[in-house]
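Counting from 1, position 57 in the sequence shown corresponds to residue 162 in the working numbering; the numbering is continuous, with no gaps. C-beta: ideal position from N, C-alpha, C; glycine also.
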Amino acid sequence: MLLQRVHAGDQEALNTVIPLVYNELKKLAAAHLRREGNARPLETTALVHEAFLRLVNREHPSYESRAHFYGIASRLMRQVLVDLARARSREKRSAMQEVPITEVSDLGPQPDESLLLIDDALTRLARTDPLQGQLIEMRFFGGMTAEESAAVLSMSVHVVRHELRLAQAWLHREMAR
């Protein structure tokens with residue numbers, strides 16, 4: 106596959122891959138950034154570039170299909186955004202140490218905090234049920250349909266839909282706490 110050649114340092118393969126995947130990666134990045142609302146940490150192009158760098162620098166790139174590749178790309182975009190949210194959260198905490206607590210108003214959950222809460226919930230879900238965690242990532246972060254997820258995982262579409270419903274209910278309960 107072209108991506109394995111890119112990983113091996115083949116510049117010609119890189120020049121071939123970029124135009125093939127760029128527009129789809131921009132669509133994925135735009136979807137991730139829409140969830141961020143007005144507090145966007147990056148522009149779409151920067152998120153695509155960061156995710157692409159992580160894709161080609163993976164230690165053992167192995168992509169079973171086009172859908173699998175985009176699912177991994179989406180997961181990497183999520184990781185980029187979570188890493189940025191954590192860094193900004195650390196910066197805010199260190200800045201808060203210098204401000205008396207009486208001067209800080211309650212702003213409610215900020216976009217970074219929401220992203221971190223979702224990430225924490227997905228991490229807990231993946232620990233208790235790895236399949237459901239993977240399906241949520243494929244669906245909501247990778248934009249994959251139940252049919253595409255079923256094909257990648259070699260499962261029945263009905264089983265995928267059932268597991269997704271269970272995972273969504275679990276996440277809804279977790280986020281309501």
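Ranked by Cα distance from residue 109, the options 266, 164, 155 are led by 164. Secondary structure within the region 136-183: the alpha helix (DSSP H) runs of 4 or more consecutive residues, fully enclosed, are 149-161 (chain order). For residue 280, the three-state secondary structure derived from DSSP is helix. It is roughly 42 Å from the alpha-carbon of residue 263 to the alpha-carbon of residue 116. In terms of Cβ geometry, residue 132 and residue 153 do not form a close pair [threshold 7 Å].
Residue 160 is positioned such that its CB atom lies closer than 7 Å to that of residue 178.
Bounds of the alpha helix (DSSP H) holding residue 251 are 251-258. Between the alpha carbons of residue 111 and residue 136 lies a distance of about 26 Å. One Cα belongs to residue 281, the other to residue 127, and the distance between them is close to 36 Å.
Excluding five sequence positions before and after residue 252, the CB atoms of its chain that fall closer than 6 Å to its own CB belong to 262, given in chain order. Residue 267 counts as exposed, since fewer than 16 other C-beta atoms from the protein chains shown sit within 10 angstroms of its C-beta.
Linking residue 245 to residue 278 through their CA atoms gives a straight-line distance of about 17 Å. The Cβ-Cβ distance between residue 276 and residue 231 does not fall below 7 Å. From the listed residues 162, 125, 138, 147, the smallest Cα separation to residue 113 is found for 162. A buried status is given to residue 223, since no fewer than 16 other beta-carbon atoms sit within 10 Å of its beta-carbon.
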